[in-house]
Structures are given as C-alpha cells and as structure tokens.
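Chains as they are written, first to last, in the working numbering: chain A, 46 to 164; chain B, 3 to 113.
Glycine residues also receive a C-beta, built at the ideal position from the N, C-alpha and C atoms.
Worksheet for the structure shown next.
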Amino acid sequence: EVLLVESGGGFARPGGSLRLSCAASGFNFRSYWMHWVRQAPGKGLVWVSRINSDGTTINYADSVRGRFTISRENARNTLYLQMSSLRAEDTGVYYCTRNADPTWSFDYWGQGTPVTVSS
Amino acid sequence: QSALTQPASVSGSPGQSIAISCTGSSSDVGNYDLVSWYQQHPGQVPKLIIYGVNIRPSGVSDRFSGSKSGNTASLTISGLQGEDEANYYCCAYTGSGSPWVFGGGTQLTVL
Numbered sequence: 046e047v048l049l050v051e052s053g054g055g056f057a058r059p060g061g062s063l064r065l066s067c068a069a070s071g072f073n074f075r076s077y078w079m080h081w082v083r084q085a086p087g088k089g090l091v092w093v094s095r096i097n098s099d100g101t102t103i104n105y106a107d108s109v110r111g112r113f114t115i116s117r118e119n120a121r122n123t124l125y126l127q128m129s130s131l132r133a134e135d136t137g138v139y140y141c142t143r144n145a146d147p148t149w150s151f152d153y154w155g156q157g158t159p160v161t162v163s164s
Numbered sequence: 003q004s005a006l007t008q009p010a011s012v013s014g015s016p017g018q019s020i021a022i023s024c025t026g027s028s029s030d031v032g033n034y035d036l037v038s039w040y041q042q043h044p045g046q047v048p049k050l051i052i053y054g055v056n057i058r059p060s061g062v063s064d065r066f067s068g069s070k071s072g073n074t075a076s077l078t079i080s081g082l083q084g085e086d087e088a089n090y091y092c093c094a095y096t097g098s099g100s101p102w103v104f105g106g107g108t109q110l111t112v113l
C-alpha cells in the first residue's frame with residue numbers, strides 16, 4: 046500500500062521558517078518524481094514545487110521561488126520542503142503527492158500537514 | 003502562470019448528467035494531453051479521478067469521463083449520485099518554469 050505521511054507543519058511568525066517532511070512507503074520512492082501542493086483555508090489547490098527522482102531537476106511556483114527549497118533523501122524515502130521568509134499567504138495545508146509517470150498527474154496524496162503563518 | 007478557469011459551482015439532480023469546464027490557454031490545456039481532474043470531499047484528501055484528459059484510474063466509476071476541445075477540458079459526471087457532491091479541480095501541465103497549474107475548483111451540489 047502506498048503511504049505518504051507528512052509532518053513538520055505548525056505555527057510560524059511572518060519571516061520565519063518551517064521544514065516539512067514526507068515519509069513515503071509502499072513503493073520504490075527513488076523512481077518517482079514528487080510534488081508539494083498546498084491549499085489555503087477554504088480555497089483551492091495550488092501546485093508548489095516538484096523534484097525529479099534523483100533531485101537534479103526542480104521547479105517552483107512563482108509565489109514561493111527563492112523562499113522555499115524542495116529536496117529528497119532517497120535512502121530514507123523522504124521528501125522535504127524547507128520554507129523560509131514565510132508570509133501569511135503561505136498558510137494552508139501542505140500535501141505531499143506522487144507524480145504518476147508518464148501522465149504527470151498526482152496519483153497518491155498524503156493526509157497533509159497544516160501550516161499557519163501569523164503575527 | 004494563471005490558474006485555469008472553472009465555474010465556481012454547478013448543480014444537478016440525482017440521475018442527471020453535468021459537465022464542468024476547465025479553460026486554459028494554448029500553452030497548457032491546448033498544448034498537452036496532460037489534463038487531470040481531482041475530487042475532494044469536505045475535510046478529505048483530493049483523489050485523482052481522470053488523467054491524460056480522459057483516462058480513469060482503476061477503481062474510479064465509469065460515470066466520470068473527461069474530454070478536451072482546444073483550450074478547454076471538461077469533466078462529465080453522468081447518473082449523478084449524492085456521493086458525487088464534492089469539489090472538483092482540474093490541473094494541467096504547462097511546460098513552463100512553473101509546470102503545473104490547477105483550476106480554482108468547482109463545487110458540485112446534488113439537489
């Protein structure tokens with residue numbers, strides 16, 4: 046069974062930092078691209094970032110580029126999202142998702158970890 | 003990259019069919035057959051229901067179907083059931099520096 050379990054969410058002040066983790070199991074993690082998708086309270090889904098299987102190709106949404114860093118540790122089957130210079134508009138639930146190759150859709154989702162940025 | 007455009011809400015009666023549109027541009031929806039749709043019930047995790055414009059993952063009801071014409075993709079739900087009441091999101095690959103973009107979401111109400 047494919048499982049994605051996020052952790053690391055919580056409360057941060059504007060300008061602060063948080064590091065999210067996503068522990069993957071039930072599939073060959075090192076073979077898959079992975080993404081982060083977020084959802085502000087009562088709002089829609091927003092794609093945040095993607096990393097390819099060996100971590101050499103990375104993309105970001107314009108709204109987080111230069112502030113967020115995606116990475117992965119294949120030996121630990123873990124995906125990360127380092128979030129810095131946090132803003133109130135970064136508040137929401139952050140989902141770890143698996144890329145379904147070659148359709149480039151998101152076939153498995155974690156339960157999400159909530160992030161609140163407030164002064 | 004601007005979000006794809008979806009109607010904020012649609013409604014239908016049990017047994018009816020409804021369609022949800024997802025309008026993008028020639029850079030995303032119109033340029034790649036990489037449109038996917040997600041169903042999200044309140045308080046739950048999104049679920050993939052259509053990928054590659056019109057392909058259903060294993061286990062997804064055949065009442066759900068997808069299509070695309072030009073820069074607009076559509077999700078059709080036939081034989082509406084109460085359990086279909088949820089939010090639906092389209093997503094498209096754009097090939098740009100921010101390669102994936104979601105629609106704003108459509109709330110489906112089953113009357």
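Show which residues of chain A have a CB atom less than 9 Å away from the CB atom of proline 2/B.
Chain B is shown from 3 up to 113; residue 2/B falls before or after that span and cannot be answered.
Under 8 Å between C-beta atoms of cysteine 67/A and leucine 124/A
yes
Helix, strand or coil: which one does DSSP assign to alanine 75/B?
strand
Continuous beta strand (DSSP E) assignments of at least 3 residues falling wholly in the region 24 to 65 of chain B
37 to 42 and 49 to 52
With a threshold of 16 other CB atoms inside 10 Å of the CB of lysine 88/A, please say whether the residue is buried or exposed.
exposed
For the beta strand (DSSP E) that phenylalanine 104/B lies in, which residues bound it at each end?
102 to 104
Using a threshold of 7 Å, is the CB atom of valine 55/B nearer than that to any non-hydrogen atom of the ligand GDP?
Ligands are entirely absent from the displayed structure, and the ligand GDP is therefore not among its contents.
Let's see if you can read the secondary structure: which residues bound the beta strand (DSSP E) around glycine 55/A?
55 to 57
Cα-Cα, which of Asn104/A, Arg143/A and Arg110/A is closest to leucine 49/A?
Arg143/A
What is the residue span of the beta strand (DSSP E) that glycine 137/A lies within?
137 to 145
Cα-Cα separation between serine 76/B and glycine 137/A, rounded to whole angstroms
28 Å
Of the residues Pro86/A, His80/A and Gly71/A, which one's Cα is nearest the Cα of valine 162/A?
Pro86/A
Using only alpha-carbon positions, find the residue among Gln41/B, Cys92/B and Cys93/B that is nearest to glutamate 85/B.
Gln41/B
C-beta neighbour in chain A for leucine 110/B, strict 8 Å:
no
Could you give the DSSP three-state label for valine 119/A: helix, strand or coil?
In the sequence under discussion, the amino acid at residue 119/A is asparagine, which differs from the valine named in the question. In this structure, asparagine 119/A counts as helix in the three-state DSSP scheme.
What are the residues that DSSP puts in a beta bridge with valine 82/A?
Trp92/A and Tyr140/A
Between the region 40 to 69 of chain B and chain A, which residues of the former have CB atoms less than 9 Å from a CB of the latter, in chain order?
Tyr40, Gln42, Val47, Pro48, Lys49, Leu50, Ile52, Tyr53, Gly54, Ile57 and Pro59
From glycine 71/A to phenylalanine 151/A, what distance separates their C-alpha atoms?
16 Å
If you draw a straight line from the alpha carbon of glutamate 51/A to that of glutamine 156/A, how long is it in whole angstroms?
7 Å
I need the DSSP call for glycine 155/A, collapsed to helix, strand or coil.
coil
Find out if the Cβ-Cβ distance for the pair leucine 6/B, threonine 148/A is shorter than 8 Å.
no
Under the three-state reduction of DSSP, which class applies to alanine 133/A: helix, strand or coil?
helix
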